[in-house]
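Let me begin by presenting the structure, written as structure tokens, before commenting on it.
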Amino acid sequence: MKVSDYVLARLRDWDVEHVFAYPGDGINGLLAAWGRAEDRPRFIQARHEEMAAFEAVGYAKFSGRTGVCCATSGPGAIHLLNGLYDAKLDHVPVVAIVGQTDRSAMGGSYQQEVDLASLYKDVASEFCETVTVPAQLPNVLDRALRIAATRRTVTAVIIPADVQELDYEPPAHAFKQVPSSLGVPHYAPVPAEADLARAAEVLNAGEKVAMLIGQGARNARREVEQVADLLGAGVAKALLGKDALPDTLPYVTGSIGLLGTRPSYELMRDCDTLLVIGSSFPYTQFLPEFGRARAVQIDLDPSMVGLRYPFEVNLVGDAAEALRRLIPLLEPRANGTWRKTAEENAARWWEVMQRRAEVTADPVNPEHVVHTLDALLPDNAIVAADSGSAANWYARHLRFRGGERGSLSGTLATMGPGVPYAIGAKFAHPDRPAIAIVGDGAMQMNGLAELITVAKYYQEWADPRLVVAVLNNHDLNQVTWEMRAMQGAPQFEPSQGLPDVRYADIAQLFGLYGARVERPEDVEPVWRQALAAERPFVIDFRTDPAVPPIPPHATWEQIKAAAMSVIKGDSDRGSVIRQGVKAKVQEFLPGSGGN
Numbered sequence: 001m002k003v004s005d006y007v008l009a010r011l012r013d014w015d016v017e018h019v020f021a022y023p024g025d026g027i028n029g030l031l032a033a034w035g036r037a038e039d040r041p042r043f044i045q046a047r048h049e050e051m052a053a054f055e056a057v058g059y060a061k062f063s064g065r066t067g068v069c070c071a072t073s074g075p076g077a078i079h080l081l082n083g084l085y086d087a088k089l090d091h092v093p094v095v096a097i098v099g100q101t102d103r104s105a106m107g108g109s110y111q112q113e114v115d116l117a118s119l120y121k122d123v124a125s126e127f128c129e130t131v132t133v134p135a136q137l138p139n140v141l142d143r144a145l146r147i148a149a150t151r152r153t154v155t156a157v158i159i160p161a162d163v164q165e166l167d168y169e170p171p172a173h174a175f176k177q178v179p180s181s182l183g184v185p186h187y188a189p190v191p192a193e194a195d196l197a198r199a200a201e202v203l204n205a206g207e208k209v210a211m212l213i214g215q216g217a218r219n220a221r222r223e224v225e226q227v228a229d230l231l232g233a234g235v236a237k238a239l240l241g242k243d244a245l246p247d248t249l250p251y252v253t254g255s256i257g258l259l260g261t262r263p264s265y266e267l268m269r270d271c272d273t274l275l276v277i278g279s280s281f282p283y284t285q286f287l288p289e290f291g292r293a294r295a296v297q298i299d300l301d302p303s304m305v306g307l308r309y310p311f312e313v314n315l316v317g318d319a320a321e322a323l324r325r326l327i328p329l330l331e332p333r334a335n336g337t338w339r340k341t342a343e344e345n346a347a348r349w350w351e352v353m354q355r356r357a358e359v360t361a362d363p364v365n366p367e368h369v370v371h372t373l374d375a376l377l378p379d380n381a382i383v384a385a386d387s388g389s390a391a392n393w394y395a396r397h398l399r400f401r402g403g404e405r406g407s408l409s410g411t412l413a414t415m416g417p418g419v420p421y422a423i424g425a426k427f428a429h430p431d432r433p434a435i436a437i438v439g440d441g442a443m444q445m446n447g448l449a450e451l452i453t454v455a456k457y458y459q460e461w462a463d464p465r466l467v468v469a470v471l472n473n474h475d476l477n478q479v480t481w482e483m484r485a486m487q488g489a490p491q492f493e494p495s496q497g498l499p500d501v502r503y504a505d506i507a508q509l510f511g512l513y514g515a516r517v518e519r520p521e522d523v524e525p526v527w528r529q530a531l532a533a534e535r536p537f538v539i540d541f542r543t544d545p546a547v548p549p550i551p552p553h554a555t556w557e558q559i560k561a562a563a564m565s566v567i568k569g570d571s572d573r574g575s576v577i578r579q580g581v582k583a584k585v586q587e588f589l590p591g592s593g594g595n
């Protein structure tokens, strides 16, 4: 057995089923071993190493397991980095296995020689190790997998090409040999009783309690609901926790932040007590004013507590276990005006979203596209959104009702993960439909090539449905509107304008289904067609770049700045001004239609 054979055997022992990868001579030894192992674990060939990393992230996010990716030395290892940083910043367990030049060539400025230990020391800061002799295995690989899983982070194993070809020798029962074992312990840390008592005192004293939950609360849904009822609280969600609690609960106010909802903004603005569960939401300006609210935080990671806000009590522990111990200490209260206000604001917001989706646009309103999907979303769908204005509509118009899953690049907010996330989701759950909502910028950046990966593998999936919805507005829209609202600058066409691409036609060339939608009345029929298709489907929605992704905290001054920038840049786009003002008026004056 060679080292390369042992690596794959050890991955199988860890129940790793898929490795998202791209070949290269720096991992030739591993590729040969894959052939001898009859492709176990499965080698899932992406079109680019960055996409392999994103697919590993999507797989990990939607399966709850550790994602594994693999690449060759030099450029292949470099290409993995963006996807690996996405995993690190969103606290997702991913292991990267990368090749390196032969040990004899190291330090010789050899072809494709990169100092990978230095390159990876930040992204894989918890564990990054180079295997130089066979006896380092299995310890190095076991630690990489165990640390990634328990610390929810990125780890890396670097294996020089010549080491892959060596005969495997296990560590001996000897000095300076390190044996190892399989498995990840299951544990649920809990806060100290004294800290729980202090937290209960703060929460019981509050009259206007707001809760903010993130992905760390996903496995504590029942406990979160119970606490919200006891405290009469409204609940806002960080984007990574969008699927942690159903949007159909009347007191759930939706997403928070730049892409959030107005009722979530008002919930934070007006509360006197804040309970944050499983979230490291970074934007302090969307939390209560300092000194206005007493605050308690619950997080599994002790290094992440005490951030973002001056919390009075920090509880370190598993969200579900911590809440179970906190619940008996909470004093139940009748749902009063505060809870009623949160529910009314949330209900009104969905009416506003309906009206905004009905606003006419040229040719199609992107809000109408995603709002229409809301009513058609399969109960077990997995939804991936890309960065940009597409993320706004995902955050505001899709309601998860309990069985759906969804995610995006929450902290890195990188462009490009929408399609590969959906591919990773399909390998995690081949029996569930997956939907990617992406802008034309992200689709041109890398989504088009990854349609080839979809075409290569979709026939293996029990449910072949993977729908890619492209919001094709010929504009890098989020940045365009940020320039207008924040800098008061008109659109800089050389940086923002995108060529029109026939995405559906390309999908058909790859053997997939596709349709182009240029009329609002065709939006719902094509969604229904795609969600019922027996193979992956690309929908090219021709959307209006003049529909502004206005954040819930936008001021009239920012809207005016955006409008004036349009006047300076293009006097014919008066519709942009009307859209912005109408959307804002609708938020404040329900029933006005923005007239």
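Residue numbers (the UniProt record's numbering): 1 to 595.
Glycine included, C-beta positions come from ideal geometry on N, C-alpha and C.
**Message:** Taking the beta carbon of His-18 as the centre, do at least 16 other beta carbons fall within 10 Å, making it buried, or is it exposed?
**Reply:** buried
**Beta bridge counterpart(s) of Arg-294 as assigned by DSSP** = Thr-273
**Message:** I'd like the span of the alpha helix (DSSP H) that includes Gln-177, first residue to last.
**Reply:** No alpha helix (DSSP H) contains Gln-177, which DSSP labels as neither H nor E.
**Which of helix, strand or coil DSSP assigns to Pro-160** = strand
**Message:** For Ala-489 and Ile-437, which I take to be in contact (beta-carbon distance under 8 Å), what is that distance rounded to the nearest angstrom?
**Reply:** Contact annotation, Ala-489 with Ile-437: C-beta distance approximately 27 Å; criterion of less than 8 Å not satisfied.
**Item:** Under 7 Å between C-beta atoms of Glu-367 and Trp-393
**Value:** yes
**Request:** Please list, in chain order, all residues of the same chain as Glu-321 whose beta carbon is under 6 Å from its beta carbon, the five residues on each side excluded.
**Result:** Ala-188, Val-190
**Prompt:** On the three-pair Cβ rule with 8 Å, is the region 228-246 touching the region 329-342?
**Reply:** yes
**Asked** What are the boundary residues of the alpha helix (DSSP H) that Lys-456 is part of?
**Response** 448-457
**Item:** Beta-bridge partners of Ala-210, as assigned by DSSP
**Value:** Gly-234, Leu-274
**Request:** Taking Asp-25 as the reference, give the member of Glu-38, Cys-70, Tyr-6 with the closest Cα.
**Result:** Cys-70
**Request:** Look at the alpha carbon of His-91 and the alpha carbon of Met-51, and state the distance between them as a whole number of angstroms.
**Result:** 18 Å
**Message:** Does the contact criterion of 3 or more C-beta pairs under 8 Å hold for the region 210-219 versus the region 235-248?
**Reply:** yes
**Message:** Alpha carbons only, please: which of Ala-46, Ala-21, Leu-166 is nearest the one belonging to Val-95?
**Reply:** Ala-21
**Asked** What residue range is occupied by the uninterrupted alpha helix (DSSP H) comprising Asp-374?
**Response** 366-376
**Request:** Report buried or exposed for Gly-291, applying the criterion of at least 16 other Cβ atoms within 10 angstroms of its Cβ.
**Result:** exposed
**Prompt:** Under the three-state reduction of DSSP, which class applies to Glu-129: helix, strand or coil?
**Reply:** Strand, per DSSP.
**Message:** Let me confirm a value: Phe-175 is counted as buried when at least 16 other C-beta atoms fall within 10 Å, else exposed. Which label applies?
**Reply:** exposed
**Sequence-distant residues of its chain with Cβ nearer than 6 Å to Arg-198 (five each side left out)** = Val-313
**Item:** Closest by C-alpha distance to His-397, when choosing among Ala-346, Val-202, Phe-43, Lys-2
**Value:** Closest by alpha carbon: Ala-346.
**Item:** Contacts around Leu-512, its chain only, beta-carbon distance under 7 Å, and the 5 residues preceding and following it disregarded
**Value:** Leu-451, Val-454, Ala-455, Arg-535, Pro-536, Phe-537, Val-538
**Request:** Out of Thr-273, Ala-236, Asn-473, point me to the one whose CA is closest to Gly-260's CA.
**Result:** Ala-236
**Asked** From residue 605 to Glu-225, what distance separates their C-alpha atoms?
**Response** Residue 605 falls outside the range modelled here, since the chain spans only 1 to 595, and no answer is possible.
**Prompt:** What is the rounded straight-line gap between the Cα of Glu-266 and the Cα of Leu-307?
**Reply:** 22 Å
**Request:** Measure the beta-carbon distance from Ile-159 to Leu-116 and round it to whole angstroms, keeping in mind my assumption that it falls under 8 Å.
**Result:** Cβ atoms of Ile-159 and Leu-116 stay farther apart than 8 Å, at about 10 Å.
**Prompt:** Looking at the unbroken beta strand (DSSP E) that takes in His-18, where does it start and where does it end?
**Reply:** 18-21
**Item:** Spatial neighbours of Phe-281 in its chain, beta-carbon cut-off 6 Å, leaving aside the 5 residues before and after
**Value:** Ala-238
**Item:** Length-filtered (3 minimum) beta strand (DSSP E) runs lying within the region 78-153
**Value:** Every beta strand (DSSP E) stretch that sits fully inside the region 78-153 and reaches 3 residues is listed by chain position as 94-100, 128-130.
**Asked** In or out: Thr-248 buried (at least 16 other Cβ within 10 Å) or exposed?
**Response** exposed
**Request:** Inspect the CB distances between the region 501-515 and the region 413-431 and report whether three or more fall short of 8 Å.
**Result:** no
**Asked** Cα separation between Ala-532 and Asp-440?
**Response** 24 Å
**Message:** Assuming Glu-126 and Arg-146 are in contact, meaning their beta carbons sit under 8 Å apart, how far apart are those beta carbons, in whole angstroms?
**Reply:** The Cβ separation is near 11 Å, so there is no contact.
**Message:** Using a 10 Å radius around the Cβ and a threshold of 16 neighbouring Cβ atoms, would you call Ala-200 buried or exposed?
**Reply:** buried
**Option in Arg-143, Met-486, Asp-162 with minimal Cα separation from Ser-104** = Asp-162
**Item:** Buried or exposed (CB count within 10 angstroms, at least 16 for buried), Glu-460
**Value:** Around the beta carbon of Glu-460, a 10 Å sphere encloses fewer than 16 other beta carbons of the protein chains shown; the residue is thus reported as exposed.
**Asked** In the structure shown, what three-state DSSP assignment does Ala-319 receive?
**Response** helix
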